[in-house]
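J.: Anchor point for the sequence shown: position 428 equals 427 in numbering that gives the first Met the number 0, and the numbering is continuous, going up by one each time.
Beta carbons: idealized from backbone N, C-alpha and C, even for Gly.
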Amino acid sequence: MREYSLPALYEVPAEGNLTDLIRRNAAQHPDLPVIGRKRDGRWEDLTAAAFLAEVRQAAKGLIAAGVEPGDRVGLMSRTRYEWTLLDFAVWSAGGVTVPVYETSSPEQISWILGDSGAVACLVETDAHTAAVDSVRDRLPALRDVWQIEPADTGESAEAHTAVARLAALGAGISDEQVEERSSAADADSPATIVYTSGTTGRPKGCVLTHRSFFAECGNVVERLRPMFRPGEGSVLLFLPVAHVFGRLVQVAAVMAPIKLGHASDLRNLTDELGSFRPTMVLGVPRVFEKVFNSARAQAVAGGKGRIFDRAAAVAGAYSRALDDPAGPSLKLRIQHKVFDKLVYSKLRAVLGGRATHAISGGAPLGARLGHFFRGVGFTVLEGYGLTESCAATAFNPYDRPQIGTVGQPLPGSVVRIADDGEVLLHGEHLFTGYWNNQQASDEALADGWFHTGDLGTLDADGYLTITGRKKEILVTAGGKNVAPAVIEDRIRAHALVAECMVVGDGRPFVGALLTVDEEFLPRWAAEHGKEQLAHEELLADPELLAELQTAVDEGNKAVSKAESVRKFRVLREQFTEDSGHVTPSLKLKRGVVAKDFADEIEALYTA
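#1: What residue range does the alpha helix (DSSP H) around Lys345 cover?
#2: Taking the DSSP output, what are the residues bridged to Leu207?
#3: Which one or two residues does DSSP pair with Met500 in a beta bridge?
#4: Nearest chain D C-beta to His28 closer than 8 Å, yes or no?
#5: In whole angstroms, give me the CA-to-CA distance for Lys469 and Asp419.
#6: Could you tell me the distance, in whole angstroms, from the CA atom of Glu288 to the CA atom of Asp516?
#7: Could you compute how far the alpha carbon of Glu471 sits from the alpha carbon of Ala362?
#8: What is the DSSP secondary structure of Phe213, counted as helix, strand or coil?
#9: Gly260 and Ser293 - do their beta-carbons sit closer together than 8 Å?
#10: State buried or exposed for Asp86, treating a residue as buried only when at least 16 other CB atoms are found within 10 Å of its CB.
#11: What residue range does the alpha helix (DSSP H) around Ala391 cover?
#12: Who are the near neighbours of Ile257 in its chain, counting only those whose CB is closer than 6 Å to its CB and skipping five residues on each side?
#13: Since I believe Pro400 is in contact with Leu380 (beta carbons under 8 Å), could you give me their beta-carbon distance rounded to a whole number of angstroms?
#14: Nearest by alpha-carbon distance to Thr207: which of Gly171, Pro327 and Thr431 is it?
#15: In the structure shown, what three-state DSSP assignment does Lys566 receive?
#16: If Leu457 sits next to Leu463, beta carbons under 8 Å apart, how far is it from one beta carbon to the other, in whole angstroms?
#17: What would DSSP say about Thr160, mapped onto helix, strand or coil?
#18: Leaving out five residues on either side along the sequence, give the residues of the same chain with a beta carbon under 6 Å from the beta carbon of Gly461.
#19: Determine whether the beta carbon atoms of Val290 and Val349 lie at a separation below 8 Å.
#20: The alpha helix (DSSP H) that contains Ala486, what's its start and end?
#21: Which term fits Gln548, buried or exposed, when burial requires 16 or more other beta carbons within 10 angstroms of its beta carbon?
#22: Just to confirm my understanding: we take Gln334, look at its own chain, exclude 5 residues before and 5 after, and list those with CB closer than 6 Å. What are they?
#23: Indicate the three-state DSSP secondary structure (helix, strand or coil) for Pro408 in the structure shown.
#24: Using CA atoms only, rank isn't needed, just tell me which of Glu518, Leu51 and Ala593 is closest to Arg22.
#25: Should Ile108 and Val89 be called a contact, given that it needs their Cβ atoms to be closer than 8 Å?
#26: Mapping the DSSP letters down to three states, classify Arg468 as helix, strand or coil.
#27: With three or more beta-carbon pairs closer than 8 Å as the criterion, would you say the segment 114–130 touches the segment 207–223?
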């Protein structure tokens, strides 16, 4: 058994709650831009004083509507300014925010709002309102639904948004009443109930307190203080705020404070980054994979594929040399300088041009991409966490990153590796239990430690490496234990691969199901003169299968021969949230995939 801890850098206030942050900002930095809000295609700054005023106005409406201290309020929307505004408004009314993914089905909405006992729900669109209304008869506690966007009724748009309706509703509530409500919660009061993705069974509601966010965000901001400079720093939030990682970004930005912007549509992310120009980027590995793959595809299309590949190799070598006491050689430094002008500066421009660091979470990034991005002057600090740990429970420090690991423990917390390899956590940032589920809470929080279900190792300096999940370990017919995540992540890094699921439990060898990235498939077909082939013909094309085999071969390099993928099948379908094969946070529902594609799995071992 090994464990590692770091001293806390931030002391959680003995009294108070997260609404203290916006009041502090307004008092100490009233004219500081804390929000970048897009209107009519242009970014406008909102000061700390103005943001507090808008939060109070919305909170007054919630109070007037009967939201009492401790009441749960659902919030279902894409990432946008109103998410942050209404989240702080719920807290200012003394309530508890219950995030709902904007892609959730009526059944999921019914479970989350019903299980939490939400008395009201804020939704974004007509479709969301209709989805909630369709299960209203199962939600006896739900009294009010307010829509962020104006309903499609032909009425005056501005007057019929949730924000405007709440402002009108709360016209008779005084500032003093809001102040009293804002002070109702203390550090140990629930701030939010975030429902897990539900890869197996029904989602469980993780109760995160104001203390959880103070301990989490306070220590992240202090450890990464050069990235959170008030008046200088900025971050564009494009992750779902319904996910705890997005919530970390929001609260940490307010705590620092640095300017926070919001982007709803990932299809326009490059344009949004270019116009907002953040100093820091928060993302998931798929975002950084897309940046790399898109850049390479454009280079290939422009006849500069070999130059890009050479530049990528130099970036990786340069990054690795930074970890050597001798540093990069003179030859490598010269090559790096040349490619910085030709390639790297253009890549940094895609990410806004000002950011030198990013934080990545949600899934493993991989050493290859980690070294590539650091080599181009954009260091991606990989971290690790769960909903139950209020996002990051480990992350790489900006001044001493170890690429390939998820970093050191959050200051003030402890990471322990149990005898069976499971990662255990202890600290103020942890959730207090699952809502309405004492049995699951007792199992997860045994002996004062949260049992993550993940497997990992700690080195002598406390850097954590995640090696898999206990429940996902496959045992082949030969008795070999296989952790799927290691090889899946390596295979998925290939531009043509959208998803990969390793199989082989009780089987004679390890196999894999692959889906092809529909964005890059047409590009590949054009480059290889196969545009005329129908989709199904293309998926069976020998040259395409050979290219996918190179992805599998690359993945096999990360594991022993007994753990390597011997055969794979290409699926015609995609793993999507709509198909029921992934969660809103893009985690594979392995049991569902295994059931739906049982014939394909069987074919691996019989064909």
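T.: Taking the structure as given:
#1: Mapped onto the sequence shown, residue 345 falls at position 346. In the DSSP assignment, Lys345 falls within the unbroken alpha helix (DSSP H) covering Ser344 to Val349.
#2: As a first step, residue 207 must be located in the sequence shown, where it is residue number 208. Beta-bridge partners of Leu207 (DSSP): Thr191.
#3: Against the sequence shown, residue 500 aligns to sequence position 501. As DSSP reads the structure, Met500 sits in a beta bridge with Leu512.
#4: No chain D is part of this structure, which consists of one protein chain only.
#5: The residue given as residue 469 occupies position 470 in the sequence shown. The residue given as residue 419 occupies position 420 in the sequence shown. Between Lys469 and Asp419, the alpha-carbon positions lie close to 9 Å from each other.
#6: The sequence position of residue 288 within the sequence shown is 289, counting from 1. The sequence position of residue 516 within the sequence shown is 517, counting from 1. Those two C-alpha atoms are separated by around 12 Å.
#7: The residue labelled residue 471 in the question sits at position 472 within the sequence shown. The residue labelled residue 362 in the question sits at position 363 within the sequence shown. Straight-line Cα distance between these residues: approximately 15 Å.
#8: Within the sequence shown, the letter at position 214 stands for residue 213. Here Phe213 sits in helix by DSSP.
#9: Within the sequence shown, numbered from 1, the residue matching residue 293 stands at position 294. Within the sequence shown, numbered from 1, the residue matching residue 260 stands at position 261. The Cβ-Cβ distance between Ser293 and Gly260 does not fall below 8 Å.
#10: The residue given as residue 86 occupies position 87 in the sequence shown. Asp86 is buried by the Cβ-count criterion.
#11: Taking the first residue of the sequence shown as 1, we reach residue 391 at position 392. From DSSP, Ala391 is part of no alpha helix (DSSP H) but of the beta strand (DSSP E) over Ala390 to Phe394.
#12: Position 258 of the sequence shown holds residue 257. Answer for Ile257: Phe227, Gly232 and Ser233, listed in chain order.
#13: Residue numbering aside, residue 380 sits at position 381 when the sequence shown is read from its first letter. Residue numbering aside, residue 400 sits at position 401 when the sequence shown is read from its first letter. So it is a contact: roughly 6 Å between Cβ atoms.
#14: Position 208 of the sequence shown, counted from the first residue, corresponds to residue 207. The question names Thr, but residue 207 is Leu in the sequence shown. Selected option, being the one with the closest Cα: Thr431.
#15: Position 567 of the sequence shown holds residue 566. Residue state, collapsed to three classes: strand.
#16: Within the sequence shown, the letter at position 458 stands for residue 457. Within the sequence shown, the letter at position 464 stands for residue 463. At roughly 6 Å, the Cβ-Cβ gap stays under 8 Å, so Leu457 and Leu463 are in contact.
#17: Translated into the one-based positions of the sequence shown, residue 160 becomes position 161. DSSP, read as helix, strand or coil, puts Thr160 in coil.
#18: As a working mapping, residue 461 is identified with position 462 in the sequence shown. Excluding sequence neighbours, Gly461 sits near Tyr3 and Gln407.
#19: Here residue 290 is taken as the residue at index 291 of the sequence shown, counted from 1. Here residue 349 is taken as the residue at index 350 of the sequence shown, counted from 1. Inclusion of Val290 and Val349 in the CB contact set at 8 Å is warranted, their separation being smaller than that value.
#20: Your numbering for residue 486 matches position 487 in the sequence shown. Position check: residue 486 holds Ile in this sequence, whereas Ala was assumed. In the DSSP assignment, Ile486 falls within the unbroken alpha helix (DSSP H) covering Pro483 to Arg491.
#21: Taking the first residue of the sequence shown as position 1, residue 548 is located at position 549. Counting Cβ neighbours within 10 Å, Gln548 comes out exposed, since fewer than 16 surround it.
#22: Position 335 of the sequence shown, counting from 1, holds the residue named residue 334. The beta carbon of Gln334 lies closer than 6 Å to those of Val313 in the same chain, with the five residues before and after it left out.
#23: Along the sequence shown, one-based indexing puts residue 408 at 409. Strand.
#24: Here residue 22 is taken as the residue at index 23 of the sequence shown, counted from 1. Of the candidates Glu518, Leu51 and Ala593, the one whose C-alpha sits nearest the C-alpha of Arg22 is Leu51.
#25: Here residue 108 refers to the residue found at position 109 of the sequence shown. Here residue 89 refers to the residue found at position 90 of the sequence shown. Not in contact: Ile108 and Val89 (Cβ atoms no closer than 8 Å).
#26: Indexing the sequence shown from 1 puts residue 468 at position 469. Looking at Arg468 - three-state DSSP - the assignment turns out to be strand.
#27: Taking one beta carbon from each stretch, the segment 114–130 and the segment 207–223 have fewer than 3 pairs nearer than 8 Å; the two do not touch.
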